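Student: Counting in our numbering, the sequence shown runs from 200 upward without gaps.
I am attaching a structure below and will ask some questions about it afterwards.
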Amino acid sequence: QVQLVESGGRLVQAGGSLRLSCAASGFVFGLHLMAWFRQAPGKEREFVARIAWNSAFTEYADSVRGRFTISRDNAANTVDLQMNNLKPDDTAIYYCTRQIRTGEYKPWGQGTQVTVSS
200 QVQLVESGGR LVQAGGSLRL SCAASGFVFG LHLMAWFRQA PGKEREFVAR
250 IAWNSAFTEY ADSVRGRFTI SRDNAANTVD LQMNNLKPDD TAIYYCTRQI
300 RTGEYKPWGQ GTQVTVSS
């Protein structure tokens, strides 16, 4: 059974940092591009960052580039998102997911709530 479990979200003040982690199981983690998405209240889910299977490339949404860093550990089957200089607009539920083909991601876990207070 493919499973992705996110953790690390909490309430933090603007300007603070958080590190989210995603534990993967049930598939060959090292073969898949992994990504983080987020969904703010009343908004569509949006792309945040992604990382190639071998960490050879990373990509970020314009809104987080320079503040967030995605990384992965294929030995531990985890993908992390280091978030610095957080802003209230970063408040959202954050999801990790795997790419199964170009532009298509599944599954979606339950997510982890990040709340940034001003």
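Every residue, glycine too, gets a C-beta built ideally from N, C-alpha and C.
Bear in mind that the values here come from a model prediction, so they are computed numbers and not experimental data.
What three-state label does DSSP hand residue 232 in the structure shown?
Tutor: Correct three-state label for residue 232: coil.
Student: Along the chain, where does the beta strand (DSSP E) containing residue 248 start, and where does it finish?
Tutor: Taken as a continuous stretch (DSSP letters only), the beta strand (DSSP E) holding residue 248 covers 245 to 250.
Student: Considering just the uninterrupted stretch of the beta strand (DSSP E) at residue 315, what are its terminal residues?
Tutor: Looking at the DSSP string, the run of the beta strand (DSSP E) that includes residue 315 is 311 to 316.
Student: Apart from the five residues on each side of it in sequence, which residues of its chain come closer than 7 Å, Cβ to Cβ, to residue 284?
Tutor: These residues qualify, in order along the chain: 214, 266.
Student: Which residue from 207, 240, 244, 221 puts its Cα closest to that of residue 287?
Tutor: For the residues 207, 240, 244, 221, the minimum Cα distance to residue 287 belongs to 240.
Student: What residue from 310, 314, 272 has the CA that sits closest to residue 230's CA?
Tutor: With distances taken between Cα atoms, residue 230 lies closest to 272.
Student: How many Å lie between residue 275 and residue 296 at the Cα?
Tutor: Computed Cα separation, rounded: 16 Å.
Student: Just how far apart, CA to CA, sit residue 310 and residue 256?
Tutor: Straight-line Cα distance between these residues: approximately 24 Å.
Student: Could you tell me the distance, in whole angstroms, from the CA atom of residue 220 to the CA atom of residue 236?
Tutor: Taking the straight line joining both Cα atoms gives about 13 Å.
Student: Go through its chain and collect everything with a Cβ distance to residue 218's Cβ below 8 Å, but skip five positions before and after it.
Tutor: Closer than 8 Å at the Cβ level, and outside the excluded window around residue 218, lie 207, 279, 280, 281, 282.
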